[in-house]
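Residue numbers (my numbering), protein chains in the order written: chain A, 559 to 672; chain B, 6 to 179.
Right, one structure below, let's go through it.
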């Protein structure tokens, strides 16, 4: 690539060294401010998370307990729990299985329709 | 040094800024022709460099990477179309000789008469010594457009700065 010698010379002259103490100090001050802001943001986020956990833990524990009692409940009571057919169908004979199958059917239907 | 800075070493980054600040600030001055705005933009470049340095895989590519950041910051500034007058207070701490300062001012004034794209191409060609292909890759302009911008820009600058012919010893060098 051919460059005009006069322009190249003028660019070289204009490209002089610039003392950078003030410039550098400004950047480092800004970086320190960024770090401080990041630390404060993390501290606030951690505090909010702790408060949220403290407030929501009883509700969440209650919900999990209720679900753990309801989900495995049998839909149909069978007289002979030791029979082979009962054993084979037992994974499907529960509230959890009905919910899982319902969700699966809805997902498949959604994919089929849209 | 780049490796240390990439790992969050403040002192190492400070040293990197110290070594590269004149280059980036001069590049910005040639592009925008305003000392205060150029320094504001240069500061943005280095702050962005600090934030994104961990993403730089090859420390040896720090120079080209920084140049790309600088050009992107300048292109973003142009897209925002911020008025130059809104830049902060001028802190021109240059200790260059009067002649050098005058040449820089005249050069910046002549560059200011070029269209934005043409000015960017000319600055990258003369200030950075980049080839047409490199400029095209960096700015996402077609190579033909880059060539055209540089050719026309050179002619225009040459006309405006004709008074310097001879004064800089060009005739002996050419």
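Backbone N, C-alpha and C fix where the C-beta goes; we use that ideal spot for every residue, glycine too.
Measuring alpha carbon to alpha carbon, tell me which of the options ends up nearest residue i.
i	options	result
residue 30 (chain B)	B:51, B:151 and B:114	B:51
residue 656 (chain A)	A:644, A:630 and A:672	A:630
residue 106 (chain B)	A:596, A:652, A:641 and A:576	A:576
residue 3 (chain B)	B:11, B:155, B:108 and B:16	This structure leaves residue 3 (chain B) out entirely; chain B is present only between 6 and 179.
residue 581 (chain A)	B:75, B:143 and B:44	B:44
residue 139 (chain B)	B:19, B:53 and B:73	B:73
residue 120 (chain B)	B:53, B:24, B:164 and B:36	B:36
residue 122 (chain B)	B:70, B:135, B:28 and B:79	B:79
residue 141 (chain B)	B:67, B:152, B:13 and B:20	B:152
residue 164 (chain B)	B:53, B:132 and B:114	B:114
residue 28 (chain B)	B:155, B:133, B:168 and B:85	B:133
Assign residue i to one of two classes, buried (16 or more other C-beta atoms within 10 Å of its C-beta) or exposed (fewer than that).
i	result
residue 127 (chain B)	buried
residue 659 (chain A)	exposed
residue 60 (chain B)	exposed
residue 33 (chain B)	buried
residue 7 (chain B)	buried
residue 612 (chain A)	exposed
residue 623 (chain A)	exposed
residue 614 (chain A)	exposed
residue 645 (chain A)	exposed
residue 56 (chain B)	exposed
residue 22 (chain B)	buried
residue 124 (chain B)	buried
residue 664 (chain A)	exposed
residue 600 (chain A)	exposed
residue 25 (chain B)	buried
residue 668 (chain A)	exposed
residue 67 (chain B)	buried
residue 13 (chain B)	exposed
residue 578 (chain A)	buried
How close, in whole Å, do the beta carbons of residue i and residue j come, if the pair is a contact with beta carbons under 8 Å?
i	j	result
residue 159 (chain B)	residue 568 (chain A)	Wrong, their Cβ atoms sit about 12 Å apart, outside the cutoff.
residue 589 (chain A)	residue 161 (chain B)	So it is not a contact: roughly 40 Å between Cβ atoms.
residue 76 (chain B)	residue 144 (chain B)	7 Å
residue 166 (chain B)	residue 111 (chain B)	6 Å
According to DSSP, is residue i part of a helix, a strand, or is it coil?
i	result
residue 134 (chain B)	coil
residue 120 (chain B)	coil
residue 655 (chain A)	helix
residue 104 (chain B)	helix
residue 641 (chain A)	coil
residue 597 (chain A)	helix
residue 625 (chain A)	helix
residue 14 (chain B)	coil
residue 45 (chain B)	helix
residue 143 (chain B)	helix
residue 170 (chain B)	coil
residue 4 (chain B)	Since the displayed chain B opens at 6 and closes at 179, residue 4 (chain B) lies outside it and no answer follows.
residue 632 (chain A)	coil
residue 31 (chain B)	helix
residue 664 (chain A)	helix
residue 113 (chain B)	helix
residue 573 (chain A)	coil
residue 561 (chain A)	coil
residue 586 (chain A)	helix
residue 160 (chain B)	helix
residue 25 (chain B)	helix
residue 98 (chain B)	Per-residue confidence for residue 98 (chain B) stands at a pLDDT of 46, beneath the threshold of 50, marking its modelled position as unreliable; no derived number is given.
Excluding sequence positions up to five away, which residues of its chain have a Cβ less than 7 Å from the Cβ of residue i?
i	result
residue 82 (chain B)	46
residue 58 (chain B)	10 and 11
residue 649 (chain A)	655
residue 20 (chain B)	6
Beta-carbon within less than 6 Å of residue i's beta-carbon, same chain only, minus the 5 sequence neighbours each way: which residues are those?
i	result
residue 97 (chain B)	The predicted position of residue 97 (chain B) is uncertain, since its pLDDT is 47 and thus under 50; a value taken from the coordinates is nonetheless stated next. Excluding residues within five positions, the ones whose Cβ falls inside 6 Å are 40.
residue 604 (chain A)	none
residue 653 (chain A)	628, 629 and 631
residue 48 (chain B)	none
residue 633 (chain A)	651
residue 117 (chain B)	38
residue 17 (chain B)	6, 9 and 10
residue 625 (chain A)	none
residue 137 (chain B)	148, 151 and 152
Interface residues of chain C around residue i at Cβ under 9 Å?
i	result
residue 157 (chain B)	Judged by its chain identifiers, the structure shown contains no chain C, and its protein chains are A and B.
Just to confirm my understanding: we take residue i, look at its own chain, exclude 5 residues before and 5 after, and list those with CB closer than 8 Å. What are they?
i	result
residue 636 (chain A)	644 and 651
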